[in-house]
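Accompanying notes for the structure given below.
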């Protein structure tokens, strides 16, 4: 720091620091800044922040990795972190008009929950039981959210490639997109390698995996002992643990993809005469789309009839509904689900038995 005398009189400054070298350091404690979380959440009408995404149809997944950084630096507290996460999940649940098709990719805050307060900890000290305790305190369940742990170590391009720990949500979104492109949205984004990872903040073992996975906490694990490197080893949503129907990310995203695709692909129906001919054309359009998904392996069944059905008839479209200008189509699908547990049956027997 160079101190110059900028007084009009040219006299020495009365509060001039003494000669010497001085180190600039942040204060020992910075109070949480409410404006940060307010700006992140934003305003829908102004199309800013998370709320502004209501007006952008193309957004299919959202994350906020910098939220963990400002929490780590003490600029926001845990309640504010929860507020932003709540806004992200609520956005994904309420995409009206139209079907809800977005998902929030969340990070576990590096925090140790206490009886009366919480204590931020470095990511490398964030143990699996801390994550489980935090999720219980957060107490927000949704089929439109997914949570990943632990933080990952990557090269920092702004600091000569030195290792730095970052939240995993950005890498996970990349894996989701890569899996969509290479296999399809119906493939679980798990057993995949996150690229550019140098290490993990905490390496979970099988026992810890068995603690976190049923809670909906998706682990990233190191399988170096099996020559497999780092793998995403979880594919669950944040839905309630006993909700089997919406347990898996791939199932939720496949149904969202089907709903959104049919919504867009049937826009030609609007203002067409609502008669039996229209009903048949709608069934053909939707049926061909679902049959293609079945042939690609997205739907389960030995035949198309076992994999899905499309109903659009006079039972659904009564004279009363037709008078209101409405067309109803009922669609049922049987999505494939990840083979999360592979069970082998092994037996031994003596010769001649």
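In this note's numbering, the protein residues as written are 40 to 392.
C-beta: ideal position from N, C-alpha, C; glycine also.
Kindly give me the distance between the Cβ atoms of residue 289 and residue 274, rounded to whole angstroms, as I take these residues to be in contact under 8 angstroms. As a first step, residue 289 must be located in the chain shown, where it is residue number 250. As a first step, residue 274 must be located in the chain shown, where it is residue number 235. Going by Cβ atoms, the distance from residue 289 to residue 274 rounds to 6 angstroms, so yes, they are a contact pair.
So residue 255 and residue 278 are in contact, right, with Cβ under 8 angstroms, and what is the actual spacing, rounded? The residue given as residue 255 occupies position 216 in the chain shown. The residue given as residue 278 occupies position 239 in the chain shown. Confirmed, about 7 angstroms.
Start-to-end residues for the beta strand (DSSP E) that takes in residue 151: Residue 151 sits at position 112 when you count from the first residue of the chain shown. Residue 151: member of the beta strand (DSSP E) spanning 150 to 152, first to last residue.
Helix, strand or coil for residue 191? Go by DSSP, reduced to three states. Taking the chain shown and counting its residues from 1, the one referred to as residue 191 is at position 152. Secondary structure at residue 191: strand, using DSSP grouped into helix, strand and coil.
Measuring straight from C-alpha to C-alpha, what distance separates residue 62 and residue 150? For the purposes of this step, residue 62 is taken as residue 23 along the chain shown, with counting starting at 1. For the purposes of this step, residue 150 is taken as residue 111 along the chain shown, with counting starting at 1. Their Cα atoms are separated by approximately 30 angstroms.
Name the residue from 231, 351, 259, 96 whose alpha carbon lies nearest to the alpha carbon of residue 146. Residue 146 sits at position 107 when you count from the first residue of the chain shown. Each of 231, 351, 259, 96 was checked against the Cα of residue 146, and the nearest Cα belongs to 259.
Residue 307 burial status per 10 Å Cβ neighbour count (16 or more: buried): The sequence position of residue 307 within the chain shown is 268, counting from 1. Answer is exposed; the Cβ neighbour count stays below 16.
Between which two residues does the beta strand (DSSP E) harbouring residue 347 extend? Looking up residue 347 in the chain shown gives position 308. Element bounds for residue 347: 347 to 350.
Near residue 376, which residues of its chain fall below 7 angstroms by C-beta distance, leaving aside the five closest residues on each side in sequence? By 1-based counting over the chain shown, the position of residue 376 is 337. 287, 290.
What are the boundary residues of the beta strand (DSSP E) that includes residue 157? Residue mapping note: residue 157 aligns to position 118 of the chain shown, counting from 1. Start and end: 157 to 159.
Where does residue 181 sit, in a helix, a strand or coil, going by DSSP? Working through the chain shown from its first residue, we reach residue 181 at position 142. Looking at residue 181 - three-state DSSP - the assignment turns out to be strand.
Out of 182, 179, 148, 124, state which residue places its alpha-carbon closest to the alpha-carbon of residue 15. There is simply no residue 15 to check, as the chain begins at 40 and stops at 392 in what is shown.
Tell me the DSSP secondary structure of residue 231 in three-state form. Residue 231 sits at position 192 when you count from the first residue of the chain shown. Residue state, collapsed to three classes: coil.
DSSP beta-bridge partners for residue 374? Translated into the one-based positions of the chain shown, residue 374 becomes position 335. According to DSSP, which records beta bridges pairwise, residue 374 is partnered with 338.
Please work out which residues of its chain come closer than 6 angstroms, Cβ to Cβ, to residue 370, disregarding the five sequence neighbours upstream and downstream, and give them in chain order. Working through the chain shown from its first residue, we reach residue 370 at position 331. Excluding positions up to five away in sequence, the list reads 349.
Bridge partners of residue 147, per DSSP? For this step, residue 147 is matched to residue 108 along the chain shown. DSSP output for residue 147 lists no bridge partner at all.
Backbone CA spacing between residue 140 and residue 101 [nearest angstrom]: Position 101 of the chain shown, counting from 1, holds the residue named residue 140. Position 62 of the chain shown, counting from 1, holds the residue named residue 101. For residue 140 and residue 101, the distance between alpha carbons rounds to 11 angstroms.
Classify residue 87 as helix, strand or coil using the three-state DSSP reduction. Position 48 of the chain shown, counting from 1, holds the residue named residue 87. If DSSP states are grouped into helix, strand and coil, residue 87 belongs with coil.
Helix, strand or coil for residue 307, going by three-state DSSP, please let me know. Counted from its first residue, the chain shown places residue 307 at position 268. Under the three-state reduction of DSSP output, residue 307 falls in the helix class.
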